[in-house]
Amino acid sequence: MAKKEFSVTVYGATGFTGRLVAEYLSERKIKRWAIAGRNHAKLEALRAELGKSDGPAIIKADAERPETLQALCERSQVVLTTVGPYQLYGTPLVEACAQNGTDYVDLCGESNWIRAMIDRFEATARQSGARLIFSAGFDSIPSDLGVWFLQKEAIRRFGSPAPRVKGRVRALKGGASGGTLASMKEVLRAGMRNPEVLRLLNDPFALTPGFSGPAQPTGLVPEYDQVEGKWAIPFVMAPINTKTVHRTNYLLGFPYGRDFTYDEMQYTTLADTAKAIAGLATRLNPFGGRMPRPGEGPSKEERESGFFEVVFFGEYPDGRRLTASIYGQRDPGYGATSRMVAETALALAEKKSPGGIYTPAALLAEELLLRLPQNAGITFRMEDG
């Protein structure tokens, strides 16, 4: 395939998260990249704000005009899109990328839409050579890479993967953008309109067509962790993260085993546990406070003072255990996410592999385990040796 004009194009670059991605790529002094969106004047203003004489090129593209997406794909090796809710605005771009052999990366946490894209476009992507990667931000890179990292060590130590892994958010400081909350609400609306969407949302194996593993813990009942001495409550990102982890296992030929069991929860205080029980069925804004509108999000100071830590416990029936953790600088949803998705796109641009629809760990685990600590302030470690 002939070399395309741009290695990475950020579609939706003037949105809240897209702007953070563009700033990061500019700081990284990436060559041959572009910013894309509907409003040329806003793109010009962003490029001026970046303040680089050799800054990104500009591509005008609009999901309501398929010919502009076609041109975008013809010029770009990888399209990184932050334009959500994806089930409202994302399908035309996925289709264009799959048809044109253009690689694609997004931040989608809408599992019902991801399954629809797998069903509609995986065969097309395999034929064209396009590699499509969903959920390359806080949902679901820490979970996806964390389990992969732990299982690799489990196989090295014990000769077999841990059949049971628990993911627990040990610490988290950060906020939500209006775009993220809009996506969450759109998923809920889709579920209320269509019972099949509700089934997919509740199915941990929704992203593994043709395969269903053993019954999985729901992660919905608060529990006390004797090892950590803390309460664990439901984690808002768990429904997409657990599905992504199971899809990685499926795509890689079940290195975690066909009987693999995984859940995610969040450590908290006893007082917050009571609040979680009281509001579990009705709480729409898990981040608290005023719900931001699309285009809004945490301030620079909030992003830079934020952080996250996720711990993974691998367990065997005979009592053997091992523990891994991931720590990320900056707030998880935006400061860290913008770096994770950007490094995923950059790694994908350098990777040679067959076309298809992948998870971050299924295609790029080794690359991201090198790039994220080196460039994005995200570290991985074994806590027990």
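No gaps in the numbering here: position 34 of the sequence shown is 43 in the working numbering, and each next residue is one more. The C-beta atom is built at its ideal place from N, Cα and C for all residues, glycine as well.
- Methionine 126 sits away from isoleucine 335, with the two beta carbons spaced by 9 Å or more.
- Beta-bridge pairing by DSSP links glutamine 338 to Phe316.
- Annotation: glutamate 76 to arginine 166 spans about 53 Å, alpha carbon to alpha carbon.
- With the rule of 3 Cβ pairs closer than 8 Å, the segment 306–319 does not count as touching the segment 100–117.
- The beta carbon of valine 320 lies closer than 6 Å to those of Arg177, Arg179 and Ser334 in the same chain, with the five residues before and after it left out.
- By the C-beta density criterion, alanine 54 is exposed, having fewer than 16 other C-beta atoms within 10 angstroms.
- Shown here, alanine 43 sits in a strand according to DSSP, grouped into three states.
- In the DSSP assignment, glutamate 32 falls within the unbroken alpha helix (DSSP H) covering 25–36.
- The residue among Glu324, Pro101 and Arg339 with its C-alpha nearest the C-alpha of threonine 332 is Glu324.
- Look at the beta carbons and you see the segment 224–237 not touching the segment 143–159: under three pairs across the two are nearer than 8 Å.
- Under the DSSP assignment, serine 16 falls in the beta strand (DSSP E) whose first and last residues are 15–20.
- The DSSP assignment places 232–234 and 239–243 as complete runs of the beta strand (DSSP E) inside the segment 174–246, in order along the chain (cut-off: 3 residues).
- Counting along the chain, the unbroken alpha helix (DSSP H) around valine 156 starts and ends at 150–167.
- Under the DSSP definition of a beta bridge, threonine 257 lacks any partner.
- Nearest in C-alpha terms to serine 137, of all of Phe389, Gly364 and Pro369, is Gly364.
- If you ignore the 5 residues before and after phenylalanine 158, its C-beta comes within less than 7 Å of the C-beta of Ala333, Leu378 and Phe389, all in its own chain and listed in chain order.
- According to DSSP, aspartate 63 shares a beta bridge with no other residue.
- Boundaries of the beta strand (DSSP E) harbouring threonine 90: 85–90, taken from the DSSP string.
- Between threonine 257 and threonine 277, the alpha-carbon positions lie close to 28 Å from each other.
- Under the Cβ criterion (8 Å, minimum of three pairs), the segment 120–135 does not count as touching the segment 342–350.
- Less than 9 Å divides the Cβ of isoleucine 67 from the Cβ of alanine 45.
- The criterion of a C-beta distance shorter than 9 Å is satisfied by serine 192 and proline 94.
- By the Cβ rule, the segment 194–212 does not count as touching the segment 350–357, because fewer than three pairs are nearer than 8 Å.
- Residue state for glycine 266 is assigned as coil, using DSSP reduced to three classes.
- Minimum Cα-Cα distance from arginine 47 among the listed residues Ser35, Asp393 and Val92 corresponds to Val92.
- Between the C-alpha atoms of isoleucine 39 and aspartate 115 there is a straight-line separation of about 19 Å.
- A distance below 8 Å between beta-carbons, with the five flanking residues on each side excluded, links leucine 209 to the following residues of its chain, in chain order: Ser120, Asn121, Arg124 and Ala215.
- Asparagine 109 sits buried, since 16 or more C-beta atoms from the chains shown fall within 10 Å of its C-beta.
- Between the C-alpha atoms of glutamate 36 and leucine 207 there is a straight-line separation of about 41 Å.
- Per DSSP, reduced to three states, the secondary structure at alanine 145 is coil, with no helix or strand assignment.
- Close CB contacts of arginine 173 within its chain, under the 7 Å cut and outside five residues either way in sequence, are with Thr270 and Glu324 (chain order).
- Closest in alpha carbon position to tryptophan 42, among Asp63, Thr18, Lys51 and Tyr33, is Thr18.
- DSSP places lysine 69 in the strand class (E or B) of the three-state scheme.
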